[in-house]
């Protein structure tokens, strides 16, 4: 399938000064309501990984669940959510990560991944890379093999690739500046 980045970009609404002054929020809800854009995104993610024997797709709460679940379905793979601390019901492992002002943590079920599982880690947005770096640490602590990282959007000017560059990265839409 031809990757039409400009078309996909045109379906994303940019909201200046949200959630605070100086930030341009990339709102994917406008892409989600466009059936052609939705199909193109799922098909592009699937095309990248269809021949890589993926056993599970790990996605970060919450917008990552949208395409992560669709990708798992199309690949015939399992879907594993990574959630904020205290949101998963069974035994978990936890990973802290840094935010602009402080720290947060995320969790995955301790029995979610078996050693050698071939994993795609997916989120909707690559910014500074801190969240996805923490997700990768969780996967590796459970001895999963990370085959690749996939993102709908990359904010390249925030240099997130520098933190996670040891993994193959797929992004569909790149913004080089705010």
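In the working numbering, the protein residues as written are 8 to 185.
C-beta: ideal position from N, C-alpha, C; glycine also.
Computed from a predicted model, the values in this text were never measured in an experiment.
Pick from the options that is closest to residue i, judged by C-alpha positions
i: residue 157; options: 135, 91, 147 and 130; result: 130
i: residue 135; options: 92, 148, 155 and 160; result: 160
i: residue 166; options: 155, 16 and 182; result: 182
i: residue 47; options: 10, 155, 88 and 153; result: 10
i: residue 117; options: 72, 171 and 88; result: 88
i: residue 84; options: 119, 142, 98 and 169; result: 119
i: residue 17; options: 35, 26 and 29; result: 35
Residue burial classification, residue i (beta-carbon count within 10 angstroms, cutoff 16)
i: residue 63; result: buried
i: residue 74; result: buried
i: residue 22; result: exposed
i: residue 124; result: buried
i: residue 150; result: exposed
i: residue 66; result: buried
i: residue 80; result: exposed
i: residue 180; result: buried
i: residue 44; result: buried
i: residue 108; result: exposed
i: residue 164; result: exposed
i: residue 15; result: buried
i: residue 153; result: buried
Between the CA atoms of residue j and residue i - distance to the nearest angstrom
i: residue 122; j: residue 33; result: 36 Å
i: residue 40; j: residue 70; result: 14 Å
i: residue 112; j: residue 175; result: 24 Å
i: residue 132; j: residue 100; result: 23 Å
i: residue 56; j: residue 72; result: 17 Å
Bridge partners - residue i, DSSP secondary structure assignment
i: residue 158; result: 130 and 178
i: residue 34; result: 20
i: residue 125; result: 152
i: residue 63; result: 85 and 126
Start and end residues, beta strand (DSSP E) containing residue i
i: residue 42; result: Not the beta strand (DSSP E): residue 42 falls in the alpha helix (DSSP H), residues 42 to 56.
i: residue 86; result: 85 to 91
i: residue 109; result: 109 to 116
i: residue 95; result: Per DSSP, residue 95 belongs to no beta strand (DSSP E) and is neither H nor E.
First and last residue of the uninterrupted alpha helix (DSSP H) at residue i
i: residue 140; result: 137 to 148
i: residue 169; result: 168 to 171
i: residue 106; result: Per DSSP, residue 106 belongs to no alpha helix (DSSP H); it is in the beta strand (DSSP E), 99 to 106.
i: residue 71; result: 71 to 82
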